[in-house]
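In this note's numbering, the protein residues as written are 2 to 292. C-beta atoms are modelled at their ideal positions from N, C-alpha and C, and glycine is treated no differently. All values reported here derive from a predicted model rather than from experimental measurement. The structure appears right after this line, and notes come after that.
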């Protein structure tokens with residue numbers, strides 16, 4: 002959602018319900034309504050203990066931000082858990098590059114003659130080295146074997162700081178059709194809009210062309226380099242987890258020491274259940290073991 006909008010919502014803070022629905026949507030906000038206030042507070046208390054990573058009795062903005070980021074990433078880890086056994090062929094709880102290659106490209110590598118179709122050939126020849134390059138970037142200890150964290154970075158590189166260069170490079174390669182190492186305006190537009198010969202461009206495409214020259218091509222050389230692509234797909238100026246953490250501390254910090262105690266959080270439990278810190282209220286209805 003638009004960061005300006007959510008900032009404004011927070012500042013106004015007319016009602017908790019509005020706050021919840023802005024983050025949850027009406028349906029999800031209702032899951033929270035299934036619990037009594039007592040149950041909610043009890044479950045929220047357990048979550049607070051886990052957020053307090055140094056167990057000093059105080060929740061800092063940094064601890065809250067780390068928790069919110071973890072909640073954001075949880076769906077990623079759950080996704081990796083679902084596919085893990087498809088790739089960990091020898092069941093050693095690690096996935097080697099060879100295991101991944103066999104599981105993904107084994108049939109093609111064993112029967113190349115069946116892939117006479119030039120398109121298939123091209124896609125395999127392109128994807129295999131690209132996957133290998135990404136695997137090696139995720140493989141921090143360079144043993145050509147991925148543990149769960151490394152494999153998660155391989156499958157979901159956009160979630161990991163050390164994978165951002167690869168995400169930028171892959172985006173460039175996907176859009177850069179003439180292979181000059183840059184994305185020009187026509188390539189940028191072609192990524193969103195397939196132009197029929199002779200037809201006029203819709204207004205939204207004209208707007209995107211203006212976006213390209215005004216906001217994408219920062220050094221005004223008519224094309225985007227890797228730094229400009231990075232800025233486009235990973236804007237640095239707004240950190241949702243940081244903003245949410247600050248908001249929660251600001252709203253609940255009664256003694257204004259810039260930290261929260263469990264008491265302060267439980268006192269303002271209504272605010273927390275409707276925030277990303279509890280995965281939009283869902284954590285309160287999950288088993289403790291699942292968290």
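- For residue 173, the enclosing alpha helix (DSSP H) starts and ends at 165-176.
- Around residue 167, the same chain offers 135, 138 and 158 as residues with beta carbons nearer than 6 Å, after the five sequence neighbours per side are excluded.
- DSSP, read as helix, strand or coil, puts residue 56 in coil.
- A Cβ-Cβ separation of about 41 Å leaves residue 59 out of contact with residue 219 under the 8 Å criterion.
- In this structure, residue 109 and residue 123 do not form a Cβ contact; the two beta carbons are roughly 12 Å apart against a cut-off of 8 Å.
- Contact annotation: the region 239-255 does not touch the region 176-196, with fewer than three C-beta pairs closer than 8 Å.
- Three or more beta-carbon pairs separated by less than 8 Å link the region 143-163 to the region 64-81, which places the two stretches in contact.
- Counted as a single uninterrupted DSSP element, the alpha helix (DSSP H) harbouring residue 241 occupies residues 241-253.
- With 16 or more other Cβ atoms from the protein chains shown falling within 10 Å of its own Cβ, residue 213 counts as buried.
- Your pair residue 42 and residue 270 checks out as a contact, with CB atoms roughly 5 Å apart and the cut at 8 Å.
- Residue 193 and residue 206 have their C-alpha atoms some 9 Å from each other.
- In terms of Cβ geometry, residue 263 and residue 49 form a close pair [threshold 7 Å].
- Residue 105 carries a helical assignment under DSSP once its states are collapsed to helix, strand and coil.
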